[in-house]
Amino acid sequence: MSLFADLGMRYPIIQAPMAGVQNAELAMAVTGAGALGSLPAAMLGTAELRKALEQLAASGPGPFNINFFCHRQREPDPAEEHRWQQALAPFYAEFGVSTDAVSNGPSRAPFNAEHAAILAEFNPAVASFHFGLPAPELLARVKATGAKVFASATTVAEAKWLARHGADAIIAQGLEAGGHRGHFLNQDLSLQQGTFTLLPQIVAAVDLPIIAAGGIVDGKGIKAALALGASAVQMGTAFLCCHEATTSPLHRAALLGAHGRHTALTNLFSGRPARGIVNRLMRELGPLSALPPDFPHASGALAPLRAAAEKMGKSSFSPLWAGQNVSGCRSLAAAELISAWVAEADLA
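What follows is the structure, encoded as structure tokens:
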């Protein structure tokens, strides 16, 4: 049996973990439909994470994927913070925002010993990681729970590194994918490729199950990825408008509107490149800039500005994460989406 059948999945479909637009409800709906539901944990505090894991555990045996970030987090740099606030000062003035409302605390936490201890309590089927893998001692604790370890690669070199350092399956993240780039060996974006060029190269280079991610929004995309050697696909953007997602009305409107087709990689919202729908902040400061502080400290200065704009019905300063292909976004229950993809890809 394949790794994915061993996990209890009926279909080789993984819901991408999407912080800020989902909670445990989406993961439960996806797993209930025979795929693999995922919970993003990087932005959850300890109490929030435990509560979400209790919800998942109460819903049945799973399987579920719990996702974490593995970035190396620096302390905030006052000079960087000041430079960023100065760049945003004209927007603060326009929207009546005070710098007193700015938070300098990190918005995302890297995987740590506390996370490992919580995983040991709940024994999820899968633990997945973005930006590499945890330190060896932490990874050993994860594996001791029985969880399979998935991790993102944006290049063949990263895939080989993950295979050498303990991954059980590799997510080949193409340049089309929405949200944060998973790169960790080299930040040169010119090294990264589209899903359907990256995927067969990783399949040829690594003797592990490979999961295709980026630009796959329907059954035809699933079928194409499997034909190129993927063992499964990971889909995120196509779930953003489903009933169980917590995607905001402004974000949904952007996804379903004409300008949802224009996405770009930007570091403005977090300090690290991520793909989202182009909005005012990206147009006026340029999507990739030297202005934001190091990841993940950029979001603190934007938070009050984002809140003020959203109260006025504007998404000018909101991260509208999305992949390059938003054509699969539909206002349906997650189970209905999966059923349609299964039929279209002849997975039944």
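Heads up, the sequence shown is in UniProt numbering, so the first residue is 1 and it goes up one at a time. All residues carry an ideal CB built from backbone N, CA and C; glycine is no exception. All figures in this text were calculated on a predicted structure; none of them were measured in a lab.
- Judged by their CB atoms, isoleucine 210 and serine 231 are nearer to each other than the 8 Å cut-off.
- Threonine 237 carries a helical assignment under DSSP once its states are collapsed to helix, strand and coil.
- Counting along the chain, no alpha helix (DSSP H) covers lysine 314, and no H or E run does either.
- The residue among Ile338, Leu285, Ala253 and Phe269 with its C-alpha nearest the C-alpha of valine 326 is Ala253.
- A residue is called buried once 16 or more other Cβ atoms fall within 10 Å of its Cβ, and leucine 189, having fewer, is exposed.
- Annotation note: the segment 232-282 contains the following uninterrupted alpha helix (DSSP H) runs of length 4 or greater, listed N- to C-terminal: 249-256.
- Burial state of arginine 181 is buried, judged by a 10 Å Cβ sphere holding 16 or more other Cβ atoms.
- Threonine 266 places its beta carbon 8 Å or farther from that of glycine 257.
- Pairing serine 315 with leucine 36, the inter-Cα distance amounts to about 31 Å.
- Between the segment 39-53 and the segment 10-27, the count of Cβ pairs shorter than 8 Å is three or higher; the stretches touch.
- Measuring C-alpha to C-alpha distances from valine 206 to each of Leu240, Gly219, Gly166 and Gly221 identifies Gly166 as the nearest.
- When Pro296, Met28, Gly214 and Arg108 are compared, the shortest CA-CA separation from methionine 43 is found for Arg108.
- DSSP, reduced to helix, strand and coil, places phenylalanine 295 outside both helices and strands of the structure shown, so it counts as coil.
- In terms of Cα proximity to threonine 155, the closest of Gln192, Glu344, Ala117 and Ala135 is Gln192.
- Under the three-state reduction of DSSP output, proline 124 falls in the coil class, being neither helix nor strand.
- In the three-state DSSP reduction, valine 149 falls in the strand class (E or B).
- Restricting attention to Ile170, Val217 and Leu162, the CA atom closest to the CA of leucine 185 is found in Leu162.
- Between glycine 214 and glutamine 173, the beta carbon gap of about 6 Å places them in contact (Cβ cut-off 8 Å).
- Phenylalanine 68 is a Cβ neighbour of phenylalanine 129, given a cutoff of 8 Å.
- Each residue's CA atom was taken as its position, placing proline 12 and serine 331 some 22 Å apart.
- If the five residues before and after glutamine 85 are omitted, its C-beta is found closer than 7 Å to the C-beta atoms of Thr99, Val102 and Ala301, all from its own chain and listed in chain order.
- Pairing glycine 20 with arginine 164, the inter-Cα distance amounts to about 32 Å.
- The segment 126-191 contains, as complete alpha helix (DSSP H) runs of 4+ residues, the segments 136-144 and 156-164 (chain order).
- With respect to alanine 274, glycine 179 sits close: the two C-beta atoms are nearer than 8 Å.
- Across the structure, glycine 323 and valine 233 are spaced so that their CA atoms are roughly 14 Å apart.
- If you draw a straight line from the Cα of alanine 153 to the Cα of threonine 246, it comes to about 27 Å.
- By the neighbour-count criterion, in which a residue is buried when 16 or more other Cβ atoms sit within 10 angstroms of its Cβ, arginine 272 is buried.
- Between the C-alpha atoms of histidine 82 and proline 124 there is a straight-line separation of about 41 Å.
- When secondary structure is reduced to three states using DSSP, glycine 286 falls in the coil class, being assigned neither helix nor strand.
- Under DSSP, isoleucine 66 forms a beta bridge with Leu39 and Ala127.
- A Cβ-Cβ distance of about 11 Å is found for the pair alanine 212 and threonine 197, leaving them out of contact under the 8 Å criterion.
- Per the C-alpha coordinates, the member of Lys160, Lys148, Pro304 and Lys223 positioned closest to glutamate 94 is Pro304.
- Contact between leucine 281 and leucine 268 holds, since their C-beta atoms are separated by about 6 Å, short of 8 Å.
- The shortest C-alpha to C-alpha distance from isoleucine 222 to any of Gly32, Gly328 and Lys51 is the one to Gly328.
- Here the C-alpha atom of alanine 159 lies approximately 7 Å from the C-alpha atom of isoleucine 170.
- Remark: C-beta atoms of cysteine 70 and phenylalanine 4 do not approach each other more closely than 8 Å.
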